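Novice: Shown below is the structure under consideration.
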Amino acid sequence: MRTIKRVPEQPADGTLATRADVLEGESRGRLTRGNKAILAAFFFFLVVMVVGSLVHLPYAVMSPGPTQDTLGTSADGKSTPIISISGLPTYPTDGALRFTTVRVEGGPGYPVDVWDILQAWIDPARDVLPVDDVFDPQVTQQQVAEENAIQMEGSQEEATAVALRAIGKQVPTHIAIAGITDTSKAKGVLQVGDRLDRIDGTAITTSEGVRDALQKKKPGDTVSMTVTRKGKELTLDVPTVAGQGGRTALGVLLGLDHDFPAKITIDAGSIGGPSAGLMFSLGIYDKLTPGPLAGGRQIAGTGTIDDQGVVGPIGGIRQKLAGARDDGAQYFLAPADNCNEVVGHVPDGLQVFKVGTFDEGRAAVEAIAKGQTGSLPHC
128 MRTIKRVPEQ PADGTLATRA DVLEGESRGR LTRGNKAILA AFFFFLVVMV
178 VGSLVHLPYA VMSPGPTQDT LGTSADGKST PIISISGLPT YPTDGALRFT
228 TVRVEGGPGY PVDVWDILQA WIDPARDVLP VDDVFDPQVT QQQVAEENAI
278 QMEGSQEEAT AVALRAIGKQ VPTHIAIAGI TDTSKAKGVL QVGDRLDRID
328 GTAITTSEGV RDALQKKKPG DTVSMTVTRK GKELTLDVPT VAGQGGRTAL
378 GVLLGLDHDF PAKITIDAGS IGGPSAGLMF SLGIYDKLTP GPLAGGRQIA
428 GTGTIDDQGV VGPIGGIRQK LAGARDDGAQ YFLAPADNCN EVVGHVPDGL
478 QVFKVGTFDE GRAAVEAIAK GQTGSLPHC
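Count along the sequence shown from 1, then add 127; that gives the number in this note's numbering.
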């Protein structure tokens with residue numbers, strides 16, 4: 128009786144395959160229950176990430192922004208001085224007088240998503256606020272940019288006037304048109320840069336004087352305005368509009384125009400807003416006076432400044448403190464009216480001094496330069 132020996136099937140590549148091998152290969156190709164769970168979790172995570180990035184929330188996120196040294200060069204890569212002066216003698220400086228900035232996301236044109244908010248909540252140097260608390264809900268991205276540019280220009284103008292007066296120069300001041308709103312009926316009649324001399328025969332010397340003169344009229348009435356435009360005096364009939372609270376208004380932004388004895392330009396790049404006024408004034412003063420004001424120290428600060436040298440409060444003080452320390456500042460000048468927000472939020476290694484005027488700011492920098500800060504007021 129002949130025995131027939133079974134030989135396993137031989138694949139084309141010469142390897143031997145048994146039924147067990149085939150079954151094992153089939154089982155390896157299937158997803159196990161654990162693998163299915165992992166894959167489902169992965170796809171769920173992707174969906175959550177996508178949805179979170181697409182859902183825009185009505186909040187604004189305030190983060191520390193970069194600082195710039197008013198005694199140094201601009202950050203645009205051109206190495207041009209932030210403060211340039213011609214027509215008056217200038218002197219060498221040493222150290223830094225930095226103005227600080229805040230990066231704001233969530234305003235018009237820059238919405239924030241769920242992940243932006245979550246990241247900000249876990250970062251103590253960032254704040255999350257309802258967007259309407261930061262921006263007027265009726266304004267556009269372009270209007271925000273234009274208003275910030277006007278405020279920056281005004282802060283530079285007033286900082287220059289304050290610094291020049293501090294070295295004994297006479298600087299006459301005039302009220303001028305800084306901007307015209309879209310709803311103003313004065314468009315085409317008034318122009319940006321017009322100096323306001325008289326309204327219905329009343330001399331104008333302050334912004335309050337403009338508002339008081341206008342309240343003698345009803346909204347929609349026409350007022351006679353004498354302005355100086357490019358050196359020429361003009362008398363114009365200007366229609367008014369209804370302003371806030373039904374008050375009579377022109378629908379314009381008012382600013383200050385000065386007769387400077389020298390040409391002083393400030394290049395702040397794309398940064399807007401009025402909060403660098405104090406540091407601009409100190410930087411100009413330092414360049415116009417013998418001896419380095421900062422004395423080699425790294426000093427940062429913030430605060431608006433008006434034509435009388437009064438330092439005003441600003442927003443985002445906590446972010447500015449953090450940004451200043453990140454950029455190496457050891458000392459910080461804070462507006463007196465912001466001190467309640469400073470307490471408890473001073474980064475390690477940073478000393479904060481409160482100032483209410485340009486003179487107080489200058490005295491603080493001089494004391495810091497000499498290492499005599501014991502008598503300076505803190506927040």
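Ideal placement from N, C-alpha and C gives every residue a C-beta, glycine not left out.
A quick note: this is a predicted structure, and the numbers were derived from the prediction, not measured.
Locate the alpha helix (DSSP H) running through Lys-359, then write down its first and last residues.
Specialist: Counted from its first residue, the sequence shown places residue 359 at position 232. Note, Lys-359: premise wrong, no alpha helix (DSSP H); beta strand (DSSP E) at 359 to 366.
Novice: Which residue spans inside the stretch 280 to 335 form an unbroken beta strand (DSSP E) run of at least 3?
Specialist: Runs of the beta strand (DSSP E) inside the stretch 280 to 335: 300 to 307 and 322 to 326.
Novice: How about Ala-376 and Phe-226: are their beta carbons less than 9 angstroms apart?
Specialist: The residue labelled residue 376 in the question sits at position 249 within the sequence shown. The residue labelled residue 226 in the question sits at position 99 within the sequence shown. Not a contact, by the Cβ cut-off of 9 angstroms.
Novice: Specify the secondary structure class of Tyr-412 as computed by DSSP and reduced to three states.
Specialist: Numbered from 1 along the sequence shown, position 285 holds the residue referred to as residue 412. In the structure shown, Tyr-412 sits in a helix (DSSP, three-state: H, G or I).
Novice: Could you say which of Ala-286, Gln-246 and Gly-443 lies nearest to Phe-387 if we only look at CA atoms?
Specialist: Start at 1 with the first residue of the sequence shown, and residue 387 comes out as number 260. Selected option, being the one with the closest Cα: Ala-286.
Novice: Tell me whether Ala-272 sits in a helix, a strand or coil according to DSSP, three-state version.
Specialist: Against the sequence shown, residue 272 aligns to sequence position 145. Helix at Ala-272.
Novice: What is the DSSP secondary structure of Ala-247, reduced to helix, strand or coil?
Specialist: Along the sequence shown, one-based indexing puts residue 247 at 120. In the structure shown, Ala-247 sits in a helix (DSSP, three-state: H, G or I).
Novice: Let me make sure I understand the geometry here. Which of Ile-304, Ala-451, Leu-405 and Ala-395 has the alpha-carbon closest to that of Gly-378?
Specialist: Taking the first residue of the sequence shown as position 1, residue 378 is located at position 251. With distances taken between Cα atoms, Gly-378 lies closest to Ile-304.
Novice: Which value, in whole angstroms, describes the spacing of the CA atoms of Ile-244 and Thr-228?
Specialist: Translated into the one-based positions of the sequence shown, residue 244 becomes position 117. Translated into the one-based positions of the sequence shown, residue 228 becomes position 101. Straight-line Cα distance between these residues: approximately 20 angstroms.
Novice: Does the stretch 352 to 366 come into contact with the stretch 393 to 412, if we say contact requires no fewer than three beta-carbon pairs (one atom in each stretch) closer than 8 angstroms?
Specialist: Touching, no, given that fewer than three Cβ pairs across the two stretches are closer than 8 angstroms.
Novice: By the DSSP assignment, the beta strand (DSSP E) with Val-231 in it spans what residues?
Specialist: As a working note, residue 231 is residue 104 in the sequence shown. Val-231 -> beta strand (DSSP E) spans 229 to 232.
Novice: Could you please give me the residues that DSSP links to Val-354 through a beta bridge?
Specialist: As a position in the sequence shown, residue 354 is number 227, starting the count at 1. Val-354 is bridged to Leu-323 and Leu-361.
Novice: Please classify Gln-268: is it buried, with 16 or more other beta-carbons within 10 angstroms of its beta-carbon, or exposed?
Specialist: Numbered from its first residue, the sequence shown carries residue 268 at position 141. With fewer than 16 other Cβ atoms within 10 Å, it is exposed.
Novice: Mind checking whether Gly-423 and Tyr-218 have CB atoms under 9 angstroms apart?
Specialist: The sequence position of residue 423 within the sequence shown is 296, counting from 1. The sequence position of residue 218 within the sequence shown is 91, counting from 1. Not a contact, by the Cβ cut-off of 9 angstroms.
Novice: Please return the same chain residues whose Cβ sits closer than 7 angstroms to the Cβ of Phe-452, not counting the five positions on each side in sequence.
Specialist: For the purposes of this step, residue 452 is identified with residue 325 of the sequence shown, where counting begins at 1. What sits at residue 452 in the sequence shown is Arg, not Phe. Closer than 7 angstroms at Cβ, skipping near neighbours: Pro-474, Gly-476 and Leu-477.
Novice: Inspect the beta-carbon positions of Thr-353 and Ile-326 and report whether they are closer than 9 angstroms.
Specialist: Along the sequence shown, one-based indexing puts residue 353 at 226. Along the sequence shown, one-based indexing puts residue 326 at 199. For Thr-353 and Ile-326, yes; Cβs fall inside 9 angstroms.
Novice: Mind reading off the beta-carbon distance from Ile-302 to Leu-323? Whole number of angstroms is fine, and I expect it under 8 angstroms.
Specialist: Walking along the sequence shown from the start, residue 302 turns up at place 175. Walking along the sequence shown from the start, residue 323 turns up at place 196. With 8 angstroms as the limit, Ile-302 and Leu-323 qualify as a contact, their Cβ atoms being about 5 angstroms apart.
Novice: What span of residues does the beta strand (DSSP E) with Gln-446 cover, start to end?
Specialist: Here residue 446 is taken as the residue at index 319 of the sequence shown, counted from 1. First-last for Gln-446: 444 to 453, but that is the alpha helix (DSSP H), not the beta strand (DSSP E).
Novice: Return yes when the Cβ of Phe-480 is within less than 9 angstroms of the Cβ of Cys-506, no when it is not.
Specialist: The count along the sequence shown starts at 1 and reaches residue 506 at position 379. The count along the sequence shown starts at 1 and reaches residue 480 at position 353. Yes, Cβ-Cβ distance for Cys-506 and Phe-480 is below 9 angstroms.
Novice: Do you know how far the Cα of Ala-276 is from the Cα of Lys-414?
Specialist: For this step, residue 414 is matched to residue 287 along the sequence shown. For this step, residue 276 is matched to residue 149 along the sequence shown. Taking the straight line joining both Cα atoms gives about 25 angstroms.
Novice: According to DSSP, is Gly-122 helix, strand or coil?
Specialist: It is not possible to answer for residue 122, since the shown part of the chain is limited to 128 through 506.
Novice: Alpha carbon to alpha carbon, how far is Gly-498 from Tyr-186? Give it in angstroms, no decimals.
Specialist: As a first step, residue 186 is located in the sequence shown; it is residue number 59 there, counting from the start. As a first step, residue 498 is located in the sequence shown; it is residue number 371 there, counting from the start. Taking the straight line from one Cα to the other gives about 43 angstroms.
Novice: Does DSSP classify Glu-136 as helix, strand or coil?
Specialist: Numbered from its first residue, the sequence shown carries residue 136 at position 9. For Glu-136, the pLDDT reaches just 46, beneath the cut-off of 50, and the residue's location in the model is therefore unreliable, although a value from the coordinates is still provided. Reduced to three states, the DSSP call for Glu-136 is coil.
Novice: What is the rounded straight-line gap between the Cα of Ser-408 and the Cα of Ala-290?
Specialist: On the sequence shown, residue 408 is found 281 positions in, with the first residue counted as 1. On the sequence shown, residue 290 is found 163 positions in, with the first residue counted as 1. Approximately 5 angstroms between the Cα atoms of the pair.
Novice: If you follow the beta strand (DSSP E) that Gly-428 is part of, which residue opens it and which one closes it?
Specialist: The sequence position of residue 428 within the sequence shown is 301, counting from 1. Note, Gly-428: beta strand (DSSP E), 425 to 428.
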